[in-house]
Amino acid sequence: MLIVDNVYLTLGHKEVFRGLNLEFNEGNIYGLLGQNGAGKSTVGYLLMGIENYFPEKGQIIFDKQDITGLDIQGRARKGITLAWQEPARFEGITVHDFLTLGGRYSAKKAVDLLELVGLPAERYLKRELNDSLSGGERKRIEMASVMMIEPRVVILDEPDSGIDYGSYEKVLDVARYLRDKGSIVIMITHNVNIFDNLDYVYLICNGVAYREGEPDDVRYFYEHQCDRCEYLKTGGD
Ligand code: ADP
Ligand code: MG
Ligand code: MG
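The sequence shown: position 219 = 373 (my numbering), numbered continuously.
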C-alpha cells in the first residue's frame, strides 16, 4: 500500500498541496482527475521523489515504511516508476537496447512485450528511439519498457496526450496487464472518457483530494457539482 499522508507542498509562490491525502492499493487502476494546473503531475513527481518536490509537511508511506526522504533512485529501487507525459526519446539508443537495458534484461521478453503493444519485433528492435518514430510508437515502446521492469507502482502522466487512438488502447491494455499482475497503476488524466477502465478516482482540486470514490460519482461531481472547479473554469486561480 502507498499512502500520501497530509502533504503540504509549495512551488515558487504557489501552494500546490495543502493537506493532500491519497491511498493506493495493489491490483487497482487509479485515476487522478483535475483541471489544468490542479497539481496532477506534481503528485507524480512527489511520489517519484524528484528534486524540489519533497513535501514541507506530511509523509509518503510505502509498505508501512516512511519513504518521504528517499530520492528518485531509492524509490526506483523500491519499484516505483513514472512514465512522463511526453513519451521517451533517446537519440542513438535502439529499441532493443532500451528495452533490455543494454542486454541486462531478457531479449525474448522484449520481443514478447513489443508484440503485446502491437509492434512487430522484426520491424522495431533495430530502430532508434528518436523522432523517426511517431509519438504513439514511442509511447507503446515506453509501455513495453514499463512491463519489462514489472514495477510495483506505475504512474502514467496523461498517457493519452498526443497519441493516436490505437496506441491509447494499447496503453490501457498495459494498465490492465500491470494491474492483473498486482501493480498499483496511477493514471493522471483529465479525459473522463477512459473512466470505464478505472477502479477508483481522486479529484485533485484546491490543493487537496477534493472528492474520491467510484469513477462515475467523481466524474459527475467534477462535471456538475464542483463549485471550486467551476470557479477555476471561469478564469479564477
Ligand atoms: P497539472 O499536471 O494538474 O496540470 P501541475 O502539477 O503541472 O498541474 O502544476 C500544479 C501547479 O503548480 C500549477 O499551478 C503550476 O503552475 C504550479 N507549478 C508547477 N511547478 C512550479 C514551479 N516550479 N514554480 C511555481 N509554480 C509551479
Ligand atoms: Mg497540465
Ligand atoms: Mg500535468
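The C-beta atom is built at its ideal place from N, Cα and C for all residues, glycine as well.
Predicted, not measured: the structure shown is a model, and the values here were computed from it.
query	result
Which class does Met155 belong to by DSSP, given the choice of helix, strand or coil?	coil
At the level of alpha carbons, what is the spacing between Asp220 and Ile214?	6 angstroms
For ligand 1, any of its heavy atoms closer than 8 angstroms to the Cβ of Gly166?	yes
Drop a sphere of 10 angstroms on the beta-carbon of Asp391, count the other beta-carbons inside from all chains shown, and report buried for 16 or more, exposed for fewer.	Annotation note: pLDDT 46 at Asp391 (below 50); position unreliable, coordinate value reported separately. Looking at its Cβ environment, which holds fewer than 16 other Cβ atoms inside 10 Å, Asp391 is exposed.
May I have the straight-line CA-CA distance separating Ser315 from Pro305, to the nearest angstrom?	22 angstroms
Please state whether the Cβ-Cβ distance between Pro111 and Ile317 is less than 9 angstroms.	This structure cannot speak to residue 111, because the chain is shown only from 155 to 391.
Can you tell me whether DSSP reads Ala264 as helix, strand or coil?	helix
What does a CB cutoff of less than 8 angstroms around Arg382 pick up in its chain, not counting 5 residues either side in sequence?	Cys359, Asn360 and Tyr364
Count the other C-beta atoms from every protein chain shown that fall within 10 angstroms of the C-beta of Gly228, then say buried if there are 16 or more, exposed otherwise.	exposed
So what does DSSP say about Arg393, is it helix, strand or coil?	Because the chain in this structure spans residues 155 to 391, residue 393 falls outside the shown range and cannot be described.
Mind checking whether the beta-carbon of Ala192 lies closer than 8 angstroms to any heavy atom of ligand 1?	yes
Buried or exposed for Met301, going by 16 or more other Cβ atoms inside 10 Å?	buried
Per DSSP, Leu187 forms a beta bridge with which residues?	Thr343 and Leu357
With 16 as the cutoff for other CB atoms within 10 Å, does Arg294 come out buried or exposed?	buried
Please go through the same chain and pick out, in chain order, the residues whose beta-carbon is closer than 6 angstroms to the beta-carbon of Tyr207, but skip the five residues on each side of it.	Tyr199 and Leu200
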